[in-house]
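> Using the numbering used here, read the sequence shown as starting at 549 and increasing by one per residue. For each residue, glycine too, the CB sits at the ideal point set by N, CA and C. Just so we're clear, the structure is a prediction, and the values are computed from it rather than from any experiment.
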Amino acid sequence: MKKTIKLTLAVVLMMSATSLFAQKFGRINSEEIIAGMPETKEMQTNMQAYVKNLQDEMEALQVEYNNKLQEFQKNYETYSEAVRDMKSKDLESIAARTREFEQVAREDIQKKQYELLAPIHEKAKAAIDKIAALGGYLAVFDTAAGSLAYFDAAALTDIAPEVKKELGITETATPAAN
549 MKKTIKLTLA VVLMMSATSL FAQKFGRINS EEIIAGMPET KEMQTNMQAY VKNLQDEMEA
609 LQVEYNNKLQ EFQKNYETYS EAVRDMKSKD LESIAARTRE FEQVAREDIQ KKQYELLAPI
669 HEKAKAAIDK IAALGGYLAV FDTAAGSLAY FDAAALTDIA PEVKKELGIT ETATPAAN
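1. Tell me, please, whether the region 616–623 touches the region 631–650 by the rule of three or more beta-carbon pairs shorter than 8 Å.
2. According to DSSP, is T593 part of a helix, a strand, or is it coil?
3. Tell me, to the nearest whole angstrom, how far the beta carbon of S578 is from that of D706; I am working on the premise that it is less than 8 Å.
4. Look up A672 in the DSSP assignment and say whether it is helix, strand or coil.
5. Would you check if the region 655–671 and the region 621–629 touch, i.e. whether three or more CB-CB distances between them fall below 8 Å?
6. Excluding the 5 residues flanking L602 on each side, which residues of the same chain have their C-beta closer than 8 Å to its C-beta?
7. Give the range of the beta strand (DSSP E) segment to which L686 is assigned.
8. Give the secondary structure of T705 by DSSP, where H, G and I count as helix, E and B as strand, and everything else as coil.
9. Below 8 Å between beta carbons: does that hold for I717 and I576?
10. To which residues does DSSP link G574 through a beta bridge?
11. Do you know how far the Cα of M591 is from the Cα of Q571?
12. Between I581 and K712, is the Cβ-Cβ spacing less than 8 Å?
13. Given K673, which residues of its chain have a CB within under 7 Å of its CB, disregarding the five upstream and five downstream residues?
14. Give the DSSP-derived three-state secondary structure of M563 in the structure shown.
15. Starting from the Cα of A608, find the closest Cα among I642, A597 and F573 and give me that residue.
16. Cα-Cα, which of E605, Q621 and Y662 is closest to R645?
17. Does the distance from the CB of G584 to the CB of L704 come in under 8 Å?
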């Protein structure tokens, strides 16, 4: 009886050890995947147009300020004290609006970029999850995150080709420049 228990225990230990070594681990560079997605190129085009629109508004404020400043400097001597004060306050108001617009625009750009990138990240993650589940991977490490101190690239299966295929990314697509 003791022999049977010991033998069963040995078999169980051997099976658990071999099943541990049979686990599959993968790796992927999510930044590379996301850069190759057509949605990313479209998002970048949209962001460029959005930023251009905000820059145009900023330039209009600066032109208004510069024109009023030139007029103020040119006619300073001819203005009465009350007009000088009014014009000076007007210039300060335009400068304050410009600073406020610049701050709000910066925040809006970040918000818009996050808003446009979120569905792209979700789509890439869904594809990675699907390929990892289909491939039976226990874990997939994202090399773009850089959170791994060390990994043997040869021991980890790169699932990027399957994910690219799932997303319809062709190998001729070049990653978008940052």
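Based on what the coordinates show:
1. Short answer: they touch.
2. In the three-state reduction of the DSSP assignment, T593 falls in the helix class, which pools H, G and I.
3. Cβ-Cβ separation between S578 and D706: approximately 12 Å, too far for a contact (criterion under 8 Å).
4. In the three-state scheme derived from DSSP, where H, G and I count as helix and E and B as strand, A672 is classed as helix.
5. No: fewer than three Cβ pairs fall under 8 Å.
6. For L602, where only same-chain residues beyond five positions count, the Cβ hits under 8 Å are A653, D656 and I657.
7. Start and end: Y685 to D690.
8. The answer is strand: DSSP assigns T705 an E or B state.
9. No, the Cβ-Cβ distance between I717 and I576 is not below 8 Å.
10. G574 pairs with V688 and T705.
11. One C-alpha to the other measures close to 37 Å.
12. The Cβ atoms of I581 and K712 lie closer than 8 Å to each other.
13. Once the five neighbours on either side are set aside, K673 has no close Cβ partner at all.
14. Any answer about M563 is weak, because its pLDDT of 48 lies below 50 and its placement is not dependable; what the coordinates show is given next. In this structure, M563 counts as helix in the three-state DSSP scheme.
15. That would be I642, whose Cα lies nearest to the Cα of A608.
16. When only C-alpha atoms are compared, the closest one is E605.
17. With a cutoff of 8 Å on beta-carbon distance, G584 and L704 are scored as not near each other.
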